[in-house]
Every structure is written in C-alpha cells, then in structure tokens.
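Protein chains in written order, with the numbering used here: chain D, 2 to 289; chain B, 6 to 301.
In structure tokens form, the structure reads like this:
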C-alpha cells in the first residue's frame, strides 16, 4: 500500500518536474551555503599560517598550512588522549543506555502484568524529568563519596538510566506482532533468545536511530565532564577545545579550527551512516 | 496491537531485567534530585560545609534578586527566539527538503550536519566568525550596516550573536524530526487539496501544518530544553554571561552560584525551579504524546 502510494506520487511529481523550472533548488542552495558557511570557513582557517589568522579584513582564500596545523593540533592538545577519553565515555554511555533500555522495555512488554511493574514505570517517568543539570550538585557529591571524581566511572554511570530509550523501545516492541512471540515459544525459544535473535534484528532501524541520538549526545556533553574531571589525563575532547583558547593571548585560530575539524569527524561519520534509520525510527515513534 | 499479547511465563526474569535501569535511575537520578530539593532548604557554609535550616528563604531571595529575575527574563526571550525563529526556519527548510526532487538526499545531509557538531565546537566556530576584529561576519555586517558589532563589550551584540549561533546549531536536529513527520503525511491529502484548487501556502496551513502538530509539539518542548540547558557551552565559551550579565542564562547562573561561588543552597533552589519547569514540559509531552501510541 505504502509502496504503491509513493510510486504513484513520484510519477506525479515527475510530471511536475518536467513542466517548469524548479525554484526549490535555488532556495535549497541558498540555505545550504548559509548553513555550511561556518564549517567552510573553519576549513579555510585551518589552512592559514598563524600570522594570516590575525589579518583584518580576514583572509578568505586557503593557504598551504593544513597539514602543519593538523599536526600541531594533534600534539599540542594531546588529541590522542582527548579522543580516547571521549570515545570511552561515549561508547560506555551509548552501549550501557541501549542495553539497559532494551532489557527494561522487554521486561515491561513481554511478561504480562507483574507485581511492581507500575512502580518501575513511575521511576522511569520521573527519571525522564531530571536532566543532569537539575541534579548536578548532589551527583557531584555522590561521585565524591564513591571516590569516583576524575574517573571514567563518573563520566559514564550518571547517564546510564535512559527513559527516552526505554519508552521508545517499549513502543516499538508493542508493535511487533505477537505471532512472532507465539511461534518462538512453540519452537522452545526462551525469553532471552527471543529478545536477541528475534526482537533485536526486527527493531534494528530503531536501535540504530537510538544509537545515533545517544552517541551524538554523549560525544557532545560538556558541562558534566567540565565539572567532574580535572586532570589532563581524563579530559574529554569538548573540554580540550576550550583549553586551546588562551585567556590572555591571541588564540591560534588555525590550530583551534583544525582541532574542531578532527573532533567533528566521529559524530559526523555516525550521522552520515545512520541518519536514514533515525528518520525511520522517528517516523515509527510519531505514529501514523 | 492485541492487548492479550503472548507472555513468557517467567516470574523472576522481568525483575532481573529491570534491575539495571531501575537501580541506576534511583542511585544516579532520583536520590540526587531529592537531595537537591532537601539542600535548597538549608544554608551550607562554603568551606566548613555546616548546614543550617533556612526554610524557603533561598526561594524568596531568588525571586527578589534582580540578577536572578534578569536571568529568567533573558532565558525566556532566548527560548522564544530559539523556538519561533529557529523552528520556523527549520520547518521551511524541511518542507523544501521533503519534495521529491533529484538529489534531495544530498541537500538533506548538507543541511542537517550541524546536528553532529557539539555546542562547544559551534561556540568556538562562532567566536571566530563574529570576532570583533578578525571575524568575517563582523566585517560583513560592518559593510552592511556601517557599524561593527562587538559582542565582547556590547550587550545587544552579545545576545544577538548567541541567539543566531544557537539557532544555527539546532537547525539540523529540528530538520531531522520535521522530515520524519513530513514523510508520514499521506500524499493523497495534498493531492486532494491541489485538485480542489488550494495553492501551496493554503495547502501548507490547512493540511501539512495541522498534521505535523505532534512533531511540532515535541520539537517545541525539546527546543525549550535546548535553550534552557544545552546552550551552556555557548555561554561558557563565548560570553561567560557578560557583558554586564546580558547573557547570564539560568543554567549559567546556576553554574556560577554552585561551582564558582560554592553557594550550594541557592544553587539547589535554582535546580528545583528548573526541575519544576522541566516536569511541566515533560508531563505535556506525555499527555500529548499518549495519542501517538496505537493499540490496534
């Protein structure tokens, strides 16, 4: 049905396309230039020499210092450590969140009514209302009590409970026809087998959409790492960029922009790889 | 979906499966939040940590503190711009991007990439672009209006720049969700409107926009949350609340009071107020969002 519809409408729009020049392209191109301009300029600056970055009016044409600046950004900011820490934090949060939500959503949808299910549901809804910013001081004190300040545990654990993921997966699990579950049970598949061999593959689009959202969010988190880590050994990329900007001197913009470009690569790759499934999983979420 | 769905007759497993999510929620979310509420009723000494009960005094002093009221006001204005201008532009772009024309997926990717960019990096980029002496945007604006916008010294320029940068940063996110919403609108509706002689504008306001309202509503709430919290790195890296507290948004004030001035009681009271705002928004999502769950 859906396929037939889209086929029909693509034929129709083909006719429209042939009939007149399409202004949509012009508008899209204008917006594309406006929105992409900051990144484009970052590329230009990353090719300039330090002296050229201070010129006024600014230079708008690239020079040949790109590789030198990249190398300086890499060594000067201890990029290897920053990338490693950001990656550990991000993967820890993302995978932990997805596994916890997967288990929780499965428990709440596939075992009928059990005592305490309502209690769990309430805990989840309350968690949804409490972003880290509104509980930041006690969470810091808690990390202090655990002796976790300036550790990976402190960067990861406070973010593991994810109401968003759980609610999204709960909804998607409910939409899987129960015949699958019936036949799996007749074939003697246990609950965990059903979860991993049938539910997970069936909801792959939603899971990759969730992975994208959580990865980008965790990679870009700034306030919590700023507060909870203080040694350069534990510093994440977002804070490392801040440290490149000196308070009292002319900032080395060419090096800073190189670092920004390096730091943008991991989440950008994830967005390019998964943005289709994000669109699909959101479509799923918002109903018809 | 059938309500009488098949179940696994296992009595212990669901509890085991819920333990990770529930325990981490309680330890890392609910208890700290309760503590925030508790601490907001106490004065705690910055150095000795001694606590003295003061009741609602922190709340009273916040709401009579011109600095805090200033933060409330600018956060409100800021959110309004992010929601109205930012979402308006994103919707316009999404409608263009949802047309079935050749090469549109490249445009989609080209327009939603700022989603991947972190607020901290976006702030760094804009610090350079709008730098009073070497930024290309400052030079271009000077060329246009004959006056240089210096956000380091001028309050209006700082607010203007922060709003533009924040809107720009969040457009990718908005576009992702609007596109998903637009993809769900059946094409026959717009066909029918066109046959009845409705122009593109009328079609948009009578068909597309009403059918998009669940997504729009969801985005209004997430955009407000973005303006409330996720903007922190922008303020911290660009303006540090200045000049003259002109960009001292609520989250930055909370950070200043709690982590720079060690005024735990006042900062906790601010957390609780933010919590109330977020709760109202979340409840609205649940109330509105419940219509999205379809049991067939």
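For glycine and all other residues, C-beta sits at the position ideal for the given N, C-alpha and C.
Min CB distance residue i to chain B below 7 Å
i	result
residue 295 of chain D	Absent from the model: residue 295 of chain D. The displayed extent of chain D is 2 to 289, so no value can be given.
residue 105 of chain D	yes
residue 239 of chain D	yes
residue 161 of chain D	yes
residue 28 of chain D	yes
residue 108 of chain D	yes
residue 116 of chain D	no
residue 269 of chain D	yes
residue 210 of chain D	no
residue 274 of chain D	no
Cβ-Cβ distance between residue i and residue j below 7 Å
i	j	result
residue 167 of chain D	residue 105 of chain D	yes
residue 126 of chain B	residue 27 of chain D	no
residue 107 of chain D	residue 196 of chain D	yes
residue 156 of chain B	residue 166 of chain B	yes
residue 213 of chain D	residue 279 of chain D	yes
residue 51 of chain B	residue 264 of chain B	no
residue 103 of chain B	residue 269 of chain B	no
residue 37 of chain B	residue 143 of chain D	yes
residue 47 of chain D	residue 258 of chain D	yes
residue 41 of chain B	residue 195 of chain B	no
residue 100 of chain D	residue 121 of chain B	no
residue 234 of chain B	residue 139 of chain D	no
residue 45 of chain B	residue 274 of chain B	yes
residue 83 of chain B	residue 232 of chain B	yes
residue 116 of chain B	residue 180 of chain B	yes
residue 236 of chain B	residue 128 of chain D	no
residue 106 of chain B	residue 25 of chain D	yes
residue 18 of chain B	residue 39 of chain D	no
residue 279 of chain B	residue 135 of chain D	yes
residue 225 of chain D	residue 54 of chain D	no
residue 233 of chain D	residue 275 of chain D	no
residue 221 of chain D	residue 95 of chain B	no
residue 109 of chain D	residue 172 of chain D	no
residue 140 of chain B	residue 134 of chain B	yes
residue 249 of chain B	residue 160 of chain B	yes
residue 136 of chain B	residue 271 of chain B	no
residue 190 of chain B	residue 206 of chain B	no
residue 23 of chain B	residue 121 of chain D	yes
Alpha-carbon to alpha-carbon, residue j and residue i
i	j	result
residue 208 of chain B	residue 220 of chain B	18 Å
residue 244 of chain B	residue 146 of chain B	20 Å
residue 178 of chain B	residue 231 of chain D	31 Å
residue 272 of chain D	residue 53 of chain B	48 Å
residue 161 of chain D	residue 262 of chain B	27 Å
residue 163 of chain D	residue 50 of chain D	45 Å
residue 62 of chain D	residue 43 of chain D	11 Å
residue 74 of chain D	residue 256 of chain D	5 Å
residue 78 of chain D	residue 23 of chain D	47 Å
residue 69 of chain B	residue 256 of chain B	18 Å
residue 144 of chain B	residue 251 of chain D	19 Å
residue 128 of chain B	residue 12 of chain B	50 Å
residue 175 of chain D	residue 29 of chain B	24 Å
residue 2 of chain D	residue 126 of chain D	Caution applies to residue 2 of chain D, whose pLDDT of 40 falls short of 50 and renders its modelled position unreliable; the value that the coordinates give is listed next. For residue 2 of chain D and residue 126 of chain D, the distance between alpha carbons rounds to 36 Å.
residue 200 of chain D	residue 159 of chain D	28 Å
Test: residue i CB closer than 7 Å to a CB of chain D
i	result
residue 71 of chain B	no
residue 239 of chain B	no
residue 54 of chain B	no
residue 50 of chain B	no
residue 144 of chain B	yes
residue 95 of chain B	no
residue 115 of chain B	yes
residue 287 of chain B	yes
residue 88 of chain B	no
residue 283 of chain B	yes
residue 104 of chain B	yes
Amino acids of chain E, ordered along the chain, whose beta-carbon sits closer than 8 Å to that of residue i
i	result
residue 176 of chain B	Here the protein chains are D and B, and chain E is not one of them.
Which ranges would you report for the alpha helix (DSSP H) in the region 8 to 91 of chain B if only whole runs of at least 4 residues count? 18 to 30, 36 to 44, 62 to 68, 71 to 86
Does the pairing of the region 99 to 107 of chain B with the region 172 to 192 of chain B give three or more beta-carbon distances under 8 Å? Yes, since at least three Cβ pairs between the region 99 to 107 of chain B and the region 172 to 192 of chain B fall closer than 8 Å, the two stretches touch.
Are the region 227 to 244 of chain B and the region 54 to 65 of chain B touching, with three or more C-beta to C-beta distances below 8 Å? No, the region 227 to 244 of chain B does not touch the region 54 to 65 of chain B.
Kindly confirm or deny that the region 215 to 228 of chain B and the region 78 to 93 of chain B touch, where touching means at least three C-beta pairs closer than 8 Å. yes
So does the region 85 to 94 of chain D actually touch the region 180 to 199 of chain D, counting three or more Cβ pairs closer than 8 Å? Touching, no, given that fewer than three Cβ pairs across the two stretches are closer than 8 Å.
Would you check if the region 238 to 256 of chain D and the region 81 to 91 of chain D touch, i.e. whether three or more CB-CB distances between them fall below 8 Å? yes
4 or more residues per run - each alpha helix (DSSP H) lying fully within the region 167 to 192 of chain B: none
Unbroken beta strand (DSSP E) runs of length 3 or more, entirely within the region 234 to 260 of chain D: which are they? none
Enumerated in chain order, which unbroken segments of the alpha helix (DSSP H) with a length of 4 residues or greater are wholly contained in the region 80 to 142 of chain D? 80 to 110, 118 to 129
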